[in-house]
Amino acid sequence: MASVQLDSNILFPLLFVVSCFFIVRSLRAGRKDGRRAVLPSPPGLPIIGNLHQLGRGHHHGKLQEFARHHGPLFLLRLGTVPTLVVSSVSMAEEVLKTQDDVFCGRPQQHTARGLMYDCRDIAFSPYGERWRQLRRIAVSHLLSTKRVDSFRALREEEVASLVERIRAASGQRQGVNVSELVITLGYTIISKAAFGNKLGGMEPGVVREMMDEVADLLETIAVSDMFPLFWWVDWATGLDSRIKRTASKLDEVLERALQEHEKSSENDGKAGDLLDDLLSVVREGSEGFKMDRIDVKGLILDMFIAGTDTTSKSVEWAMAELIKNPKEMEKVQAEVRQVAGARGVLEEQLGTMSRLQASLKEAMRLHAPVPILLPRETIRDTKLHGYDIPAKTRVIINAWAIGRDNEYWENADEFLPERFMHNAIDYTGKDFRFIPFSAGRRGCPAIAFATRLVELALANLLYHFDWELPEDQDVESFEVVESCGLSPTLKSA
Ligand code: HEM
4 MASVQLDSNI LFPLLFVVSC FFIVRSLRAG RKDGRRAVLP SPPGLPIIGN LHQLGRGHHH
64 GKLQEFARHH GPLFLLRLGT VPTLVVSSVS MAEEVLKTQD DVFCGRPQQH TARGLMYDCR
124 DIAFSPYGER WRQLRRIAVS HLLSTKRVDS FRALREEEVA SLVERIRAAS GQRQGVNVSE
184 LVITLGYTII SKAAFGNKLG GMEPGVVREM MDEVADLLET IAVSDMFPLF WWVDWATGLD
244 SRIKRTASKL DEVLERALQE HEKSSENDGK AGDLLDDLLS VVREGSEGFK MDRIDVKGLI
304 LDMFIAGTDT TSKSVEWAMA ELIKNPKEME KVQAEVRQVA GARGVLEEQL GTMSRLQASL
364 KEAMRLHAPV PILLPRETIR DTKLHGYDIP AKTRVIINAW AIGRDNEYWE NADEFLPERF
424 MHNAIDYTGK DFRFIPFSAG RRGCPAIAFA TRLVELALAN LLYHFDWELP EDQDVESFEV
484 VESCGLSPTL KSA
């Protein structure tokens, strides 16, 4: 969630008039709710509520500060949208496990509706039978262990090519922008897994630009999301036309890829990449569910949107923390170099690299790639910790703050991989102190896909190269700080 597109010049006169209405309404509601427990809430302004207090970016840090004052469960008003913020292990468990059947909706964002075929993908879809069927198909056809195994050669090949590119740059004693190379790695693997080389004549670079634009727009909160009465502001500010333009270019890219796949499967009848698999589900049906071309496009889009930034950020943060902590770097490099053979690290060797895995988990604890997960929405009225929570309340879970909670983690802000070497905490969301992939029915379905790629890339970067900071930086001054955005990046590396 990044920039909030609010045009204050157009809005404020109108907001003033409408504010009177809302203030009177909320005073009345307050009187009626006299005997009910009222959720703590930071005082906000009329109309915009707490929007101005969130500012731009680093929302997880600001929400953590609010939680220090208002407790692990508090309410924000983002425009007209009541938003519950969850910041403790026990509350996260209540929301993601005990009451997972209530907190499993997804708010329908304006940009997602325009770009993701009216939210006909998995990630942005409302909860219901369609979502269940699509997720089942994704898990069994795209993200199963068998399918993830089938991309092993692709991952090894692309990681080897990443190593070669870094070697070439370092041979000429040039600095290397590792972040960019790792983003390209994630993108290339997902693109080849999804499309093979059948892009309908499109250049891979064009497809990538398109996906970047989609991701950028999805991080924009439209005015109509916060103030439905002001839907026209999105039109006036040009957001709507940008969404339309991007959606139509995107559809052209996906249509061309789909058509090439349909043609080639008529010719050779062979299934190969994920798009081939999904098209065979469209032709043959799946347990009574009729999937169509739009569902296919939505599923493929999800892989790019949910899978590229998150995986590259995980590698980047782990590298950054290891560079900042040279003793840990030494230990993990010793392990990787002892286990791997002369050609570098292969996937089958990753299972024995417990220090590598502990370092990655520790980096994800400190820097959850999606710090406030994806927003949820209650699908019916419920009670949480004695508070009444109405249906359609937006819910944010601050996984970043939970990962740094001093009550559960000793020296919570320090990078200490050792702590993951003596416990069985994994990524699957069974332990609510550590939920980078979230948990419950809407938790990330691609843990295997993501961790295989991230571990392999990280292990090879550590095996092949010794890393140091640029000449003008020393370890003490090197800050591992978070920048803005839904999935924050490394500011200084
Ligand atoms: C390190 C990498 C990744 C992290 C940390 C991550 C994390 C997450 C998180 C926090 C959510 C939100 C879950 C919730 O609402 O409770 C999510 C959802 C999702 N992720 Fe991932 N993810 C990663 C990689 C991937 C990859 C590689 C893919 C696909 C190839 C993927 C596909 C999805 C999908 C489809 C959803 C939506 C699930 C639903 O709404 O039912 N993710 N992920």
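Everything in the sequence shown is counted per the working numbering, starting at 4 for the first residue and increasing by one.
Yeah, the Cβ is synthetic: ideal placement off N, Cα and C, and Gly gets one too.
Nearest-angstrom Cβ-Cβ length linking residue i and residue j, presumed shorter than 8 Å
i: A449; j: G406; result: Actually they do not touch by this definition, with Cβ atoms about 20 Å apart.
i: Y466; j: R340; result: 6 Å
i: R2; j: C107; result: Only positions 4 to 496 of the chain appear in the structure, and residue 2 is not among them; the question remains open.
i: Y430; j: T311; result: About 18 Å; that fails the 8 Å criterion.
i: M213; j: K252; result: 6 Å
i: L81; j: L42; result: Rounded, the Cβ-Cβ distance is 14 Å, inconsistent with contact.
i: S227; j: D219; result: In fact, because the Cβ distance is near 18 Å, the residues do not count as touching under 8 Å.
i: T249; j: E216; result: 5 Å
i: K327; j: H264; result: No, K327 and H264 are not in contact; Cβ-Cβ is about 45 Å, not under 8 Å.
Span separating the alpha-carbon of residue i from that of residue j
i: L281; j: E68; result: 45 Å
i: L461; j: A321; result: 8 Å
i: G288; j: G60; result: 43 Å
i: F418; j: A323; result: 11 Å
i: D276; j: K316; result: 25 Å
i: G178; j: V166; result: 14 Å
i: K65; j: E413; result: 22 Å
i: P45; j: V210; result: 43 Å
i: R286; j: M356; result: 43 Å
i: S29; j: P231; result: Caution applies to S29, whose pLDDT of 47 falls short of 50 and renders its modelled position unreliable; the model cannot decide the point.
i: A40; j: S91; result: 19 Å
i: I224; j: Q112; result: 8 Å
i: P110; j: I308; result: 17 Å
i: N426; j: P420; result: 11 Å
i: A343; j: L257; result: 40 Å
i: G33; j: Q102; result: Here the model assigns G33 a pLDDT of 43, short of 50, so the residue's position is not dependable and the matter cannot be decided.
i: M119; j: I438; result: 26 Å
i: A156; j: L221; result: 32 Å
i: L2; j: L278; result: Limits of the chain in this structure are 4 at one end and 496 at the other, which puts residue 2 out of reach.
i: H144; j: C447; result: 15 Å
i: D104; j: T83; result: 25 Å
i: L387; j: M94; result: 9 Å
i: H63; j: P374; result: 6 Å
Run of the alpha helix (DSSP H) containing residue i, from where it starts to where it stops
i: L99; result: Premise fails: L99 is in no alpha helix (DSSP H) and is neither H nor E.
i: Y390; result: It is not in any alpha helix (DSSP H) - Y390 instead sits in the beta strand (DSSP E) that spans 390–392.
i: K364; result: 357–369
i: L137; result: 132–140
i: K65; result: 62–73
i: K433; result: Element bounds for K433: n/a, residue is neither H nor E.
i: L353; result: 350–353
i: L220; result: 207–221
i: T148; result: 148–153
i: H113; result: 113–118
i: D237; result: 234–239
Element boundaries [beta strand (DSSP E), containing residue i]
i: F77; result: 76–81
i: P85; result: 84–89
i: R397; result: 397–400
i: L304; result: No beta strand (DSSP E) holds L304; the alpha helix (DSSP H) holding it covers 296–327.
i: L419; result: No beta strand (DSSP E) holds L419; DSSP gives it neither H nor E.
Secondary structure of residue i, DSSP reduced to three states
i: I428; result: coil
i: I50; result: coil
i: R158; result: helix
i: E380; result: strand
i: S289; result: strand
i: K201; result: coil
i: I193; result: helix
i: T249; result: helix
i: I224; result: strand
i: L42; result: coil
i: E458; result: helix
i: L387; result: strand
i: G174; result: helix
i: G58; result: coil
i: G446; result: coil
i: G275; result: coil
* Asked: Counting pairs of beta carbons, one from the segment 398–416 and one from the segment 456–472, are three or more of them closer than 8 Å?
  -> no
* Three-pair Cβ contact test at 8 Å for the segment 319–335 versus the segment 348–365 -> yes
* Asked: Touch check for the segment 286–301 and the segment 165–174: three-plus C-beta pairs under 8 Å?
  -> no
* Given 8 Å as the limit, is there contact between the segment 343–351 and the segment 90–99, that is, 3 or more CB pairs closer than that? -> no
* Given 8 Å, three or more beta-carbon pairs between the segment 390–399 and the segment 80–88 -> yes
* Decide if the segment 152–163 is in contact with the segment 133–144; the criterion is three or more beta carbon pairs, one per stretch, under 8 Å apart. => no
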